[in-house]
Every structure is written in C-alpha cells, then in structure tokens.
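For the record, the sequence lines run as chains H and D. Each residue of the first sequence is one higher than the one before, counting from 19 in my numbering. Each residue of the second sequence is one higher than the one before, counting from 19 in my numbering. Even glycine gets a Cβ: it sits at the ideal position worked out from N, Cα and C. Presented below is the structure to which this report refers.
There are 2 protein chains.
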Amino acid sequence: MSITRRDFLGSSIGSSAALAGMTTVEPGQLHRAIPLPEETRLWDLATPALVVDADSLESNLRKMQNVYSGNSAALRPHAKTHKCPVIARQQLDLGAIGIAVAKISEAEVMVEGGIEPILITSPIATRGKLARLLALARQAPNLQIVTDRLQNVRDLNDGATAVGIKLQVLVDLNAGDDRTGIMLGESAITLAGEVARAESLELAGVQAYAGRLQHVVGWESRRKQYVQMMGQVMETVAGMRQAGLDVPAVTGGGTGTYDINSEIDGMTDIQAGSYIFMDDNYQNIGGRSGQVFNDFDSSLFVLATAISQPVQGQVTVDAGIKAFATDKEPPRLRDIRGVDYRFGGDEHGILNLTEPSEPIAVGDKVRLTIPHCDPTVNLYDHLHVVRGEKVSEVWPIAGRGRSQ
Amino acid sequence: MSITRRDFLGSSIGSSAALAGMTTVEPGQLHRAIPLPEETRLWDLATPALVVDADSLESNLRKMQNVYSGNSAALRPHAKTHKCPVIARQQLDLGAIGIAVAKISEAEVMVEGGIEPILITSPIATRGKLARLLALARQAPNLQIVTDRLQNVRDLNDGATAVGIKLQVLVDLNAGDDRTGIMLGESAITLAGEVARAESLELAGVQAYAGRLQHVVGWESRRKQYVQMMGQVMETVAGMRQAGLDVPAVTGGGTGTYDINSEIDGMTDIQAGSYIFMDDNYQNIGGRSGQVFNDFDSSLFVLATAISQPVQGQVTVDAGIKAFATDKEPPRLRDIRGVDYRFGGDEHGILNLTEPSEPIAVGDKVRLTIPHCDPTVNLYDHLHVVRGEKVSEVWPIAGRGRSQ
Numbered sequence: 019m020s021i022t023r024r025d026f027l028g029s030s031i032g033s034s035a036a037l038a039g040m041t042t043v044e045p046g047q048l049h050r051a052i053p054l055p056e057e058t059r060l061w062d063l064a065t066p067a068l069v070v071d072a073d074s075l076e077s078n079l080r081k082m083q084n085v086y087s088g089n090s091a092a093l094r095p096h097a098k099t100h101k102c103p104v105i106a107r108q109q110l111d112l113g114a115i116g117i118a119v120a121k122i123s124e125a126e127v128m129v130e131g132g133i134e135p136i137l138i139t140s141p142i143a144t145r146g147k148l149a150r151l152l153a154l155a156r157q158a159p160n161l162q163i164v165t166d167r168l169q170n171v172r173d174l175n176d177g178a179t180a181v182g183i184k185l186q187v188l189v190d191l192n193a194g195d196d197r198t199g200i201m202l203g204e205s206a207i208t209l210a211g212e213v214a215r216a217e218s219l220e221l222a223g224v225q226a227y228a229g230r231l232q233h234v235v236g237w238e239s240r241r242k243q244y245v246q247m248m249g250q251v252m253e254t255v256a257g258m259r260q261a262g263l264d265v266p267a268v269t270g271g272g273t274g275t276y277d278i279n280s281e282i283d284g285m286t287d288i289q290a291g292s293y294i295f296m297d298d299n300y301q302n303i304g305g306r307s308g309q310v311f312n313d314f315d316s317s318l319f320v321l322a323t324a325i326s327q328p329v330q331g332q333v334t335v336d337a338g339i340k341a342f343a344t345d346k347e348p349p350r351l352r353d354i355r356g357v358d359y360r361f362g363g364d365e366h367g368i369l370n371l372t373e374p375s376e377p378i379a380v381g382d383k384v385r386l387t388i389p390h391c392d393p394t395v396n397l398y399d400h401l402h403v404v405r406g407e408k409v410s411e412v413w414p415i416a417g418r419g420r421s422q
Numbered sequence: 019m020s021i022t023r024r025d026f027l028g029s030s031i032g033s034s035a036a037l038a039g040m041t042t043v044e045p046g047q048l049h050r051a052i053p054l055p056e057e058t059r060l061w062d063l064a065t066p067a068l069v070v071d072a073d074s075l076e077s078n079l080r081k082m083q084n085v086y087s088g089n090s091a092a093l094r095p096h097a098k099t100h101k102c103p104v105i106a107r108q109q110l111d112l113g114a115i116g117i118a119v120a121k122i123s124e125a126e127v128m129v130e131g132g133i134e135p136i137l138i139t140s141p142i143a144t145r146g147k148l149a150r151l152l153a154l155a156r157q158a159p160n161l162q163i164v165t166d167r168l169q170n171v172r173d174l175n176d177g178a179t180a181v182g183i184k185l186q187v188l189v190d191l192n193a194g195d196d197r198t199g200i201m202l203g204e205s206a207i208t209l210a211g212e213v214a215r216a217e218s219l220e221l222a223g224v225q226a227y228a229g230r231l232q233h234v235v236g237w238e239s240r241r242k243q244y245v246q247m248m249g250q251v252m253e254t255v256a257g258m259r260q261a262g263l264d265v266p267a268v269t270g271g272g273t274g275t276y277d278i279n280s281e282i283d284g285m286t287d288i289q290a291g292s293y294i295f296m297d298d299n300y301q302n303i304g305g306r307s308g309q310v311f312n313d314f315d316s317s318l319f320v321l322a323t324a325i326s327q328p329v330q331g332q333v334t335v336d337a338g339i340k341a342f343a344t345d346k347e348p349p350r351l352r353d354i355r356g357v358d359y360r361f362g363g364d365e366h367g368i369l370n371l372t373e374p375s376e377p378i379a380v381g382d383k384v385r386l387t388i389p390h391c392d393p394t395v396n397l398y399d400h401l402h403v404v405r406g407e408k409v410s411e412v413w414p415i416a417g418r419g420r421s422q
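As structure tokens, this is what we get:
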C-alpha cells in the first residue's frame, strides 16, 4: 500500500466532518453496514479508528469455511471476537451452521440482528439472567445454552416449564481449562442424563472448549496436548452414549487448533473466532509450517495520528490504553520498521524512532497492529471497512460492551 | 455493608428484567441520570456491572472542592476519568471553574450535555479534527484548546479566521512527561508570543501537566520532584510575562499532587480526575500521612457473579479482560479476605479461595476493586449509583469510547 499519511496535505475537511457525524448511529442501524461517501479515504478517518482490511477479512472467512466444508466437523464461529452482526451474517451466508456467543447480552444483540442459530458458551447462574434467557429463547427457539451443574439444570428446566418452551441445553465439559464445565467422567454422564430426562429441556450435545490449549506455542506440542485432551473428552461422550443418551453435538476447538480438530474423531463443530482478524498474539504461537502462525491474514489494525513531538527521536500518537487491549505485548507498526510503540497513558502512545524506515512527522497517520483482538474490538463502536485506501463502509460493533 | 449475595435466594426476576431493558438508552438520555424502580437492589444488577457508591463519590467531590475553594488555585476536574456529563455537572455545581477533557470527541459529548467551559488538554494535528474543533467552538465560545508547535498555531489561526471566531488557546508545556508540549524556555516563550499575536487566537494561558510525577510512590519524593519540575515551569511563565505577554491561566496538576499544588506559587487551576473514584493504583502511591493514599474514598467497583466451580478451591466469575483495564495489577475482592482474583480470559475471572473469610458459591455476587479507573470506566455504558444496597439511578457514560 502506498502511504499518503500527511493529513494536512491531502484530505478534505468535508469527508472528515461527515465521518464525525457518523459517530452517532441510529439504533435501527446497529445491525447493518453503513455506506460511506465515495471519496472517503483511510487517511481521512478520525483517529484512533479501528479498521479492517476487507480483502484480508474475506480471505480469512473463506479459507476457514473451506477447511470445514469438506470436513466431518462444521464451523460455528465464535462471535465474541467481532461482536458484529454484519460479520456474523457473512459467516452464516458462507456456510457456518450457527454462531457462538459468550454471554446472554451478546445473544440478545445477535437475535435483534436476525442472526441464528446461537449457542451461548458460558453457563448462567442467576434468576435475572434466566429471565433474559427464557425471553430470548421464546423469540429464537433454536437458542442453545450450556450447563455444568445439577442445580442449574433444575433451574433451567423450571424456567422453561414456567414459560412453556423446550430449551436446548449442552453439557459444558471441563476440557482442562478449569474455568467452566463439569469434570469429565461419571459426573458429566450423570448431568447429561439429568438434562435428557428434564421435562422441558432437550440434550443438544456437549461443549468441550480447551481454551488454554489453543495458545500452546509450537504446533507439534499443541497438537499432542490437544489430541490427548480431546481423547479424554471423547471417552466421556462415549460413556454418555453407552448410557443410552443421544449426544448430537460435540462442539469446541478454536483458531489455534483449526488444523488439528480434524484428527479428533467425533467433533461435530468448531468454535473458531480469532481467525477472522489474526492478532499478534495468535501469530506468535506458530503454525504447522513455521514459527509464525500465518495461515490467516492479519486483517485488523488501529489507525492513529502523530499529534506531537516534544523531544527528538520520538513522536506521540493519539492511541493509548483506551485504544488497545493491554493484556498482551504492545502493538507494532504495520508499515514502518525501526520504530517501537509503547503506551504513553490512557490516551497516548509513544513511538520511539530508533531507525525508522520512513519518517514520521506530526500530522502523519500510522497503522498499528492488534495485540489481542477480542478485547480491542470491545473498545470501539465501529469497524471501518477499507479496500486499498478507500473506506467503503462502517460496520457497527453492536455487541460492544455486552459482557453481561 | 451486609452481604446478601445469593441471587436465586433473594432477587426478583422483575427488577432484573427491567434493568435488562435499560441497556438501550434513548439518545436524548445520554446526559441525564436515569431513575430506577424503588425496589432495585445492588444484588439484582446484571453482571458485570460498574457501580459507584454515591456517599463515597459525594464525599470525594466535596473534599477536593473544599481544598481548592479556599486556595489560590481553583479546581478544573479532568472528565477523562468519568466521561459522564452527570458527574461533570455535579463538579461544576460544587464550584469547579470548568472541565478538562482529553479529546475533541469527549468535548463534543460534554457540550451536548450542556457542560462548559471546557479545556481540551491534547493538541490536534489534522484537518478533520480542526473542522470539528471549529464547529464546536462556534457552539461553545469559551472552549479552550492547547497547542505545542508553530505550524499548529498557524493552522488554528487560519481555521478560526475562516469561520470568524476568536479561539482560546493555551500553550502546552512539556513538564517532563515527554508526551505532548513544547520544551520549556525560549521556544515556549516564542510560541506563546505567536499565539498572542495571531489575529483570531487569544492566549488563554499555559498548561503544564506533569503526569508521570502524579504517580511517584512516596509523598515526600513526589513532592520534591514535583516542586522542582513546577519551579522550572514557572520560570518559563515568568519569561512569557517579562516578554509582555498576558498569561491568565497556569493549569496542571492532578490527584497525586492535590496537596502539593498549593506550594506552587502561580498555579491557577488543577486538573484532578481520579480523586472521584480512587483506584487501587493511586492508593498504592502513598499519601502525606502513610503508605496508602486514602485521602479520598475508593468509590467505584465492579459487581460480578460466580457462575461456575469446575474444581475445588476456586470459583469462576463472569468478569474478565473485557470488564477491567489490565495495565495495572488485577482487581481484588472488596468484602472478602483470603481470596485472589486472576484473569481467566476475556469474559471470566478466577477466584482462588485460599482462605476465604466468607464462602463464595455459584450464584453469589462479589464486589471487585478497580485497578485503574479511567480505562475501566471506558469499558462500560452505564454507571450504577448505589446507596447502601439500593440502586437509585443509572448515569450514562456518554463519552465512553470517545477517544478521537
């Protein structure tokens, strides 16, 4: 990409002002793409802005779908990554069997946007959330939720009975993360039996998400640990079937094991999320063919502006702790070598110009990589969609902040 | 506070469902407090929820205002901490001389909410932002912006001339942070002269924000470094005045130096922000009278729910990386000792029940401390206002995500 970064030299006030007006989106527009004026260029965007490269995104979406279209397992993308009904729609249109979300409030946004079927991948534990779940299941009858304990099965069943619905429930198995899920073995088989026997519940399958293992560095090591873990999961699933239970779905997996899951006999679908954006952290775990996991393109970035140069050898950009997730390594520059970013507070970042491959002056815009995509996306209301240098659309991140 | 945490035992579906409906706020309501039904209790809130203790907040607001009401310097609270017009209004009503914001987009939200006068504490560097600044200054004639370089002064002047306004500009001085601001001494004096002579600009003063020094651990060490730094700033201000310039405002300082600023002769106002919430990080810098800086109350917390217990000795809550800023130490439990929180991914936290002073079971709600307030507040749309156990109001965080 050719870089025409200096805002004062190139851009028009008009298109920037038009974009400024865009920051207030009508409620009904939360689930649709918003077209932008023809002339809107990447370098016109008000910064910090979250931007996705449309070609890279489409390539990622197709590649993962192609892997699973010819596979015994299907693709059920996890929407906690993008929280964006426009992307969920694209995933479904390409052949995904449904969408996974982490929380009830995300499911509500997706249902509002006409996205279904939806699986909620975390258990709920309160009466308030149960009420929301039941209300949503009446709107979207193929909504699915996970459970990991007996009292919860009873509560779900009582609730579903009270409102007169049949609720689809998956047993959440602890696949080594020790985060949610019932322990493998007898207790899980017993719980599945309780779901199957509950009057107003339907046993839709099991979930076995080994999140920790998605991020094991080194493909062979990841493969070995994952195959071993999922082998144990499959023993429990076999036990359920031996007990006479119908277990239609065995869902789990993610981007880090996308090319390992096919070795797990009996997986029915894969909850990959990050493949659409591919952040720095995922690239660093290594792929099947090398030290960088680059099977998918890095499609997401933050556009920032150099706003000050108080001392020689560094410049200050307008994107800091409020513009990036900070739980991983700091962002890097996408286009310029010999420059390091460090956080300079909530609103600012400092670029150390050690040996810059291009000069960066005040007023210039720079593209910064995404250390960790899910919580970075969660900081923004809009995803700007760019092809080359042209910004074609804005997609509302309708589920932003929906952590409930 | 007595703890009645077990949601299934105590709360009604009704009020939780009412709150669920609250998550969609009408645009016109973004700047006003939203009353809640009488019976809404803290433990009824959908979690994770950001909550402020009204008594502690009011105490903090009054305490800081009282310090500065009898002082040669005034209080100009920094709204980047709360991004909430309801709180800004309270600060002004108590006697603050105005509000500081970090970015244009925050200023836009505050002006929409009827908050003024406003100072924007970061320089702008692009034509798009200039257009927005000028549009806003026409609406709010006492809007102030900082500048730190000559080309920017010319751009501001050209813009103000083009739209026929007189723009109030402060010279941003580099008070040791090397983040924004012109170097102290001759270059700063020259720049101030350029502002004063520019046809459509008015030199409103200087800004000297020593952000790094706000967080120096140990009060005496902080005091020493701060007094020394601000002494250099005042020499530059004296140089401006010797050059015949009128320098009405000398603004800077923050919560960490709130009881040191009075020693700086010539400061006109203080941009304190965090004092209203007092996060863990600020408490740890130490105060004048001890190792904990507890002159202000810790008023803010996140309410979370225990949703799973996959293994003995720990329990999983529904608040993770998307619920807290992660640039400082992890959160702690407010009410229960012998329990450690660690991040368990984007949506979850793990409580290690080492020696819990109270049992925590699935369904229980817990109050978690705020490691770093500004970027944590920036993750939430609403601030729930609690008195005792009763939630009286919801305040929209209208500036959430406004980092542009």
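Short of 7 Å in beta carbon distance, which residues of its chain neighbour residue i, apart from the five on each side in sequence? Order them along the chain.
{"i": "H:Thr254", "result": "Leu191, Leu202, Gly203, Ala206 and Ile207"}
{"i": "D:Asn279", "result": "Ala91, Gly271, Met285 and Ile288"}
{"i": "H:Arg241", "result": "Ile278"}
Comparing alpha-carbon positions, which option in the options lies nearest residue i?
{"i": "D:Ala324", "options": "H:Pro328, H:Gln108, H:Ala143 and H:Lys408", "result": "H:Ala143"}
{"i": "H:Met296", "options": "H:Ile138, H:Gln109, H:Asp392 and H:Thr65", "result": "H:Asp392"}
{"i": "H:Asn170", "options": "D:Ile52, D:Ala322, D:Ala343 and D:Gly381", "result": "D:Gly381"}
{"i": "D:Leu318", "options": "D:Thr179, D:Val404 and D:Gly131", "result": "D:Val404"}
{"i": "H:Leu60", "options": "H:Ala416, H:Arg156 and H:Leu401", "result": "H:Leu401"}
{"i": "H:Asp196", "options": "D:Glu376, D:Ile368 and D:Ile388", "result": "D:Ile368"}
{"i": "D:Ala416", "options": "D:Glu281, D:Gly113, D:Lys101 and D:Gly406", "result": "D:Lys101"}
{"i": "H:Tyr398", "options": "H:Gly406, H:Val412 and H:Glu407", "result": "H:Val412"}
{"i": "D:Val69", "options": "D:Ala341, D:Pro374, D:Phe361 and D:Ile183", "result": "D:Ala341"}
{"i": "D:Ser307", "options": "D:Arg350, D:Met247, D:Asp264 and D:Glu238", "result": "D:Glu238"}
{"i": "H:Leu231", "options": "H:Gln243, H:Pro349, H:Glu407 and H:Arg145", "result": "H:Gln243"}
{"i": "D:Glu76", "options": "D:Leu148, D:Arg94, D:Arg107 and D:Ala64", "result": "D:Arg107"}
{"i": "D:Leu209", "options": "D:Gly229, D:Leu161 and D:Ala261", "result": "D:Ala261"}
{"i": "D:Pro159", "options": "D:Gly146, D:Ala193 and D:Leu137", "result": "D:Leu137"}
{"i": "D:Asn93", "options": "D:Gly291, D:Thr344, D:Phe361 and D:Asp298", "result": "The sequence shown places Leu at residue 93 of chain D, rather than the Asn named in the question. Looking at the Cα atoms, D:Gly291 is the closest of the given residues."}
{"i": "H:Gln250", "options": "H:Ala226, H:Thr273 and H:Asn302", "result": "H:Ala226"}
{"i": "D:Leu112", "options": "D:Gln186, D:Gln83, D:Ala120 and D:Glu56", "result": "D:Gln83"}
Pick helix, strand or coil for residue i, following the three-state DSSP scheme.
{"i": "H:Thr344", "result": "coil"}
{"i": "D:Tyr398", "result": "coil"}
{"i": "D:Leu191", "result": "strand"}
{"i": "D:His49", "result": "helix"}
{"i": "H:Ser230", "result": "One detail in the question is off: residue 230 of chain H reads as Arg in this sequence, not Ser. Note: H:Arg230 maps to helix in three-state DSSP."}
{"i": "D:Lys242", "result": "helix"}
{"i": "H:Lys8", "result": "Since the first and last residues shown for chain H are 19 and 422, residue 8 of chain H lies out of range."}
{"i": "H:Ala214", "result": "helix"}
{"i": "D:Glu76", "result": "helix"}
{"i": "H:Asn84", "result": "helix"}
{"i": "D:Leu427", "result": "The first residue shown for chain D is 19 and the last is 422, placing residue 427 of chain D beyond what the model contains."}
{"i": "D:Gln108", "result": "helix"}
{"i": "D:Val310", "result": "coil"}
{"i": "D:Ser30", "result": "Only weak support exists for where D:Ser30 lies, its pLDDT of 36 falling under 50; the coordinates are left without a value."}
Pull up the CB-CB distance for residue i and residue j, whole angstroms please, since I reckon it's below 8 Å.
{"i": "H:Ile288", "j": "H:Tyr300", "result": "About 15 Å separates the two Cβ atoms, so there is no contact after all."}
{"i": "H:Asp166", "j": "H:Pro135", "result": "Actually they are not in contact, since the Cβ atoms of H:Asp166 and H:Pro135 sit about 21 Å apart, beyond 8 Å."}
{"i": "D:Val245", "j": "D:Glu281", "result": "6 Å"}
{"i": "D:Ile294", "j": "D:Thr139", "result": "That belief does not hold up - the Cβ atoms of D:Ile294 and D:Thr139 are roughly 17 Å apart, past 8 Å."}
{"i": "H:Leu152", "j": "H:Leu221", "result": "The pair is not a contact, with the Cβ atoms about 18 Å apart (cut-off 8 Å)."}
Near residue i, what residues of its chain come up, given a Cβ to Cβ distance below 6 Å and the 5 sequence neighbours on each side ignored?
{"i": "D:Asn370", "result": "Gln332 and Asp358"}
{"i": "H:Glu347", "result": "Pro389"}
Check whether the Cβ atoms of residue i and residue j lie closer than 8 Å to each other.
{"i": "D:His49", "j": "D:Glu130", "result": "yes"}
{"i": "D:Leu386", "j": "D:Val320", "result": "yes"}
{"i": "H:Val224", "j": "H:Val189", "result": "yes"}
{"i": "H:Ser218", "j": "D:Pro66", "result": "no"}
{"i": "D:Phe311", "j": "D:Asn78", "result": "no"}
{"i": "H:Ala149", "j": "H:Met128", "result": "no"}
What residues in its chain sit with their C-beta under 8 Å from that of residue i, if we drop five residues either side in the sequence?
{"i": "D:Met40", "result": "Summary for D:Met40: the model assigns pLDDT 47, below 50, so the residue's position carries little reliability, and this model does not support an answer."}
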